[in-house]
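J.: Next up is a structure, given as structure tokens.
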Amino acid sequence: MDTWSRETTVGRLTMTLPLVVIALAIPFGVVIDDLPQAVRFAPFVVSVGLFGLPHGAVDHLMPLRLGNVPLKRSLAVVGVVYAILGGLYLAVWALSPAVALLAFLGMTWFHWGQGDAFALRAFGGGDHIRTRSDRWASLVVRGGLPMLVPLLGQPEGYQRVVNGIIELFDPASTTALSPLFRVDTRLALGIGFGVFTLSSLLWTARHVWKADTSAGGLAWDAVEIGLLWLFFWLVPPVFAVGLYFAVWHSVRHIGRLAIVDPAARQALDSGEWPTALGRFYRDAAPLTVASLALFAGLYVWVPTDGSLNALLAIYLVGIAVLTLPHVAVVTWMDQVQYEKSRITDRQ
1214 MDTWSRETTV GRLTMTLPLV VIALAIPFGV VIDDLPQAVR FAPFVVSVGL FGLPHGAVDH
1274 LMPLRLGNVP LKRSLAVVGV VYAILGGLYL AVWALSPAVA LLAFLGMTWF HWGQGDAFAL
1334 RAFGGGDHIR TRSDRWASLV VRGGLPMLVP LLGQPEGYQR VVNGIIELFD PASTTALSPL
1394 FRVDTRLALG IGFGVFTLSS LLWTARHVWK ADTSAGGLAW DAVEIGLLWL FFWLVPPVFA
1454 VGLYFAVWHS VRHIGRLAIV DPAARQALDS GEWPTALGRF YRDAAPLTVA SLALFAGLYV
1514 WVPTDGSLNA LLAIYLVGIA VLTLPHVAVV TWMDQVQYEK SRITDRQ
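Here the numbering used here is used: the first residue of the sequence shown is 1214, the next is one more, and so on.
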């Protein structure tokens, strides 16, 4: 796995730009509940066509670009993965929505964590993330920030979203997750996650103390973690998670896609980021449209009242169904790219 500094074009776009956007959005945590519902839901609406939904729509080209397999085989393999895993997971939503929702939260925790751990190493000067234990520690913290911290700081908003999704399939099942929102549960989770956050930074700091790497990457890691703790604690979950999905996770994954596309990589190295972005949208367009068809099918299948809350719930279920096979593809990408990087994996 090759690496780029934060000062390169891809580093600024994938690391600095999301950081600035999230920092500027924190003041919304004070006033956003007083704004129209459409404003609070805007990041998810934007994510449909901008970065969020399209970021996973290039999976079909990854075996071609990383595994050097023929295009037809790349399309077929990824198509089968999506059909089987997506279909099975959709069946779980129909049979046990509470279980499916918990699986979605856990899966997203893992996936957003793995995405950030890779980006820190590839684009963020994260030389302190060197071993398997370092990556797992980073993954748990980075995935927990968007998935757990909103539960701690904004439990009412978090519960409304969770219940809204489950109620699409079985309103009675919402009680199954009630213990998650109790004060004692959130207190235990908050203390545990806070301790783990600090411990993970101390654990990866051993490379700096041993003079194996500079402190710059660790410092930026700590700054991002602190900022995201503050952001997800203060900003209501719908707006916070939607914005993070669109301008943080998705943007960093698009950067990852660009560096395995030779033409896009060359464009980024030359500072011609619009060319690289154009190639991404060209590659992502067909499956983005196909994903919209999935959402349309869910809308027809699951009865709703047509409200924004119901439409958001439909969108999140569709994202969940697409996320499981996407995670499988990205986990395979991790294996290939980390192998190439020759990072020591003995711990």
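We treat Cβ as the ideally placed atom computed from N, Cα and C, and that holds for glycine.
Please read all numbers here as calculations on a predicted model, not as lab measurements.
Beta-carbon separation of residue 1537 and residue 1320 under 8 Å?
T.: For the purposes of this step, residue 1537 is taken as the residue at position 324 of the sequence shown. For the purposes of this step, residue 1320 is taken as the residue at position 107 of the sequence shown. Yes, the Cβ-Cβ distance between residue 1537 and residue 1320 is below 8 Å.
J.: If you follow the alpha helix (DSSP H) that residue 1485 is part of, which residue opens it and which one closes it?
T.: Here residue 1485 is taken as the residue at index 272 of the sequence shown, counted from 1. Taken as a continuous stretch (DSSP letters only), residue 1485 belongs to no alpha helix (DSSP H), as it is neither H nor E.
J.: Using a Cβ-Cβ distance cut-off of 8 Å, determine whether residue 1221 contacts chain C.
T.: In the displayed structure, chain C is absent; only one protein chain is listed.
J.: As an exercise, report each continuous beta strand (DSSP E) stretch of at least 3 residues that is fully enclosed by the stretch 1237 to 1288, in chain order.
T.: List check, beta strand (DSSP E) in window: nothing returned.
J.: I need the boundaries of the alpha helix (DSSP H) containing residue 1544, first residue and last residue.
T.: By 1-based counting over the sequence shown, the position of residue 1544 is 331. Counting along the chain, the alpha helix (DSSP H) containing residue 1544 begins and ends at 1521 to 1554.
J.: Taking 8 Å as the cut-off, decide whether the C-beta atoms of residue 1444 and residue 1245 are in contact.
T.: Locating residue 1444 in the sequence shown gives position 231, counting from the first residue. Locating residue 1245 in the sequence shown gives position 32, counting from the first residue. Not a contact, by the Cβ cut-off of 8 Å.
J.: Closest to residue 1395 by CA distance: which of 1215, 1453, 1289, 1364 is it?
T.: The residue labelled residue 1395 in the question sits at position 182 within the sequence shown. Taking only the C-alpha atoms, the option nearest residue 1395 is 1364.
J.: Please determine if the stretch 1255 to 1265 and the stretch 1457 to 1467 are in contact, where contact requires at least 3 C-beta pairs separated by less than 8 Å.
T.: Touching, yes.
J.: Using a Cβ-Cβ cutoff of less than 6 Å, which residues in the same chain neighbour residue 1277 once the five nearest sequence positions on both sides are dropped?
T.: Numbered from 1 along the sequence shown, position 64 holds the residue referred to as residue 1277. Correct list, in chain order: 1284, 1287.
J.: What first and last residue would you give for the alpha helix (DSSP H) that runs through residue 1468?
T.: Stepping through the sequence shown from its first residue, residue 1468 is reached at position 255. Counting along the chain, the alpha helix (DSSP H) containing residue 1468 begins and ends at 1463 to 1472.
J.: Helix or strand or just coil, what does DSSP make of residue 1324?
T.: Position 111 of the sequence shown, counting from 1, holds the residue named residue 1324. Three-state result, residue 1324: helix.
J.: In whole angstroms, what separates the C-alpha of residue 1368 from that of residue 1256?
T.: On the sequence shown, residue 1368 is found 155 positions in, with the first residue counted as 1. On the sequence shown, residue 1256 is found 43 positions in, with the first residue counted as 1. Distance between the alpha carbons of residue 1368 and residue 1256: 20 Å.
J.: For a quick check, are the C-beta atoms of residue 1448 and residue 1292 less than 8 Å apart?
T.: Position 235 of the sequence shown, counted from the start, is the residue given in the question as residue 1448. Position 79 of the sequence shown, counted from the start, is the residue given in the question as residue 1292. No, the Cβ-Cβ distance between residue 1448 and residue 1292 is not below 8 Å.
J.: By DSSP, does residue 1413 sit in helix, in strand, or in coil?
T.: Numbered from 1 along the sequence shown, position 200 holds the residue referred to as residue 1413. Residue 1413 falls in the helix class under three-state DSSP.
J.: Go through its chain and collect everything with a Cβ distance to residue 1370's Cβ below 8 Å, but skip five positions before and after it.
T.: In the sequence shown, the residue the question calls residue 1370 occupies position 157. The residues are 1363, 1449, 1450, 1451.
J.: By the three-class DSSP mapping on this structure, what secondary structure does residue 1329 have?
T.: What you label residue 1329 is simply residue 116 of the sequence shown in a count that begins at 1. Three-state DSSP puts residue 1329 in a helix.
J.: According to DSSP, simplified to helix, strand and coil, what is residue 1443?
T.: Counting from one through the sequence shown, the residue named residue 1443 turns up at place 230. If DSSP states are grouped into helix, strand and coil, residue 1443 belongs with the helices.
J.: Classify residue 1376: buried if its beta carbon has 16 or more other beta carbons within 10 angstroms, exposed otherwise.
T.: Indexing the sequence shown from 1 puts residue 1376 at position 163. The residue is buried, with at least 16 neighbouring Cβ atoms inside 10 Å.
J.: Which of helix, strand or coil does DSSP assign to residue 1557?
T.: As a first step, residue 1557 is located in the sequence shown; it is residue number 344 there, counting from the start. Note that residue 1557 has pLDDT 38, beneath the 50 cutoff, so the model's placement of it is unreliable and the number below is only indicative. If DSSP states are grouped into helix, strand and coil, residue 1557 belongs with coil.
J.: Going by DSSP in three states, residue 1355 sits in which element: helix, strand or coil?
T.: Numbered from 1 along the sequence shown, position 142 holds the residue referred to as residue 1355. Reduced to three states, the DSSP call for residue 1355 is helix.
J.: Taking C-alpha atoms, which residue in 1227, 1220, 1299 lies nearest to residue 1539?
T.: Working through the sequence shown from its first residue, we reach residue 1539 at position 326. The candidate whose alpha carbon is nearest that of residue 1539 is 1299.
J.: Quick check: the Cα distance between residue 1533 and residue 1301, rounded to an integer number of angstroms?
T.: Reading the sequence shown from its first residue, position 320 is the one you call residue 1533. Reading the sequence shown from its first residue, position 88 is the one you call residue 1301. Straight-line Cα distance between these residues: approximately 12 Å.
J.: Work out the CA separation of residue 1280 and residue 1296 for me, nearest whole Å.
T.: The residue you call residue 1296 lines up with position 83 of the sequence shown. The residue you call residue 1280 lines up with position 67 of the sequence shown. Rounded to the nearest angstrom, the two C-alpha atoms are 21 Å apart.
J.: Throw me the rounded Cβ distance for the residue 1313 and residue 1417 pair, which I believe falls under 8 Å.
T.: Start at 1 with the first residue of the sequence shown, and residue 1313 comes out as number 100. Start at 1 with the first residue of the sequence shown, and residue 1417 comes out as number 204. Going by Cβ atoms, the distance from residue 1313 to residue 1417 rounds to 34 Å, so no, they are not a contact pair.
J.: Here's the rule: buried if 16 or more other CB atoms are within 10 angstroms of the residue's CB, otherwise exposed. What is residue 1427?
T.: On the sequence shown, residue 1427 is found 214 positions in, with the first residue counted as 1. Counting Cβ neighbours within 10 Å, residue 1427 comes out exposed, since fewer than 16 surround it.
J.: Does DSSP put residue 1437 in a helix, in a strand, or in coil?
T.: Looking up residue 1437 in the sequence shown gives position 224. The answer is helix: DSSP assigns residue 1437 an H, G or I state.
J.: Quick check on residue 1250: buried or exposed, where buried means 16 or more other Cβ atoms within 10 Å of its Cβ?
T.: Along the sequence shown, one-based indexing puts residue 1250 at 37. Answer is exposed; the Cβ neighbour count stays below 16.
J.: Do residue 1514 and residue 1226 have their C-beta atoms closer together than 8 Å?
T.: Here residue 1514 refers to the residue found at position 301 when the sequence shown is read from its first residue. Here residue 1226 refers to the residue found at position 13 when the sequence shown is read from its first residue. No, the Cβ-Cβ distance between residue 1514 and residue 1226 is not below 8 Å.
J.: Are residue 1530 and residue 1325 touching if we call contact CB-CB under 8 Å?
T.: Position 317 of the sequence shown, counted from the start, is the residue given in the question as residue 1530. Position 112 of the sequence shown, counted from the start, is the residue given in the question as residue 1325. Cβ distance not < 8 Å, so residue 1530 and residue 1325 don't count as in contact.
J.: Excluding the five sequence neighbours on either side, which residues of its own chain have a C-beta within less than 7 Å of the C-beta of residue 1492, listed in chain order?
T.: Translated into the one-based positions of the sequence shown, residue 1492 becomes position 279. Answer for residue 1492: 1474, 1476, 1477, listed in chain order.
J.: Report all residues from its chain with a CB closer than 6 Å to the CB of residue 1354; omit the five preceding and five following residues, and keep chain order.
T.: As a working mapping, residue 1354 is identified with position 141 in the sequence shown. Closer than 6 Å at the Cβ level, and outside the excluded window around residue 1354, lie 1410, 1413.
J.: Could you tell me whether the Cβ atoms of residue 1430 and residue 1518 are closer together than 8 Å?
T.: Sequence index remark: in the sequence shown, residue 1430 carries index 217 (1-based). Sequence index remark: in the sequence shown, residue 1518 carries index 305 (1-based). In this structure, residue 1518 does not lie closer than 8 Å to residue 1430 by Cβ.
J.: Out of 1406, 1550, 1374, 1234, which has the shortest C-alpha to C-alpha gap to residue 1470?
T.: Looking up residue 1470 in the sequence shown gives position 257. Taking only the C-alpha atoms, the option nearest residue 1470 is 1550.
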